[in-house]
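Notes for the one structure printed next.
In this note's numbering, the protein residues as written are 16 to 105.
What follows is the structure, encoded as structure tokens:
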């Protein structure tokens, strides 16, 4: 759903720069989030309980968490800007 909304925001609203930029940010951050999620799963599943957690797994899972927060911020900002810029005038 986020890919659809981000793609729609950047393709339909080309004359409104905030919506176009937020749509691109939303679209690209979903791809980054998916890639980090797959890498984090592979790093965590590849270890045994006796071995300590490798620093790479900690860094990747933290980056995955940060990108998730950024994704939420992009979606919120896109919703607010859409409401502001595309609202019908009374």
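No residue lacks a Cβ here, since even glycine has one placed at the ideal position from N, Cα and C.
Computed from a prediction, not measured in an experiment: that's the story for all the values here.
Whose C-beta lies closer than 6 Å to the C-beta of residue 40 among residues of the same chain, with five residues either side of it excluded? 89
Pick out whichever of 38, 33, 22 has its Cα sitting closest to the Cα of residue 99. 33
Mind checking residue 42: buried by the 16 CB within 10 Å criterion, or exposed? buried
Within 7 Å: the Cβ of residue 74 and any heavy atom of the ligand PLP? This structure simply doesn't include the ligand PLP, nor any ligand for that matter.
Contact set for residue 35: own chain, Cβ-Cβ below 8 Å, skip 5 residues either direction: 24, 25, 28, 29
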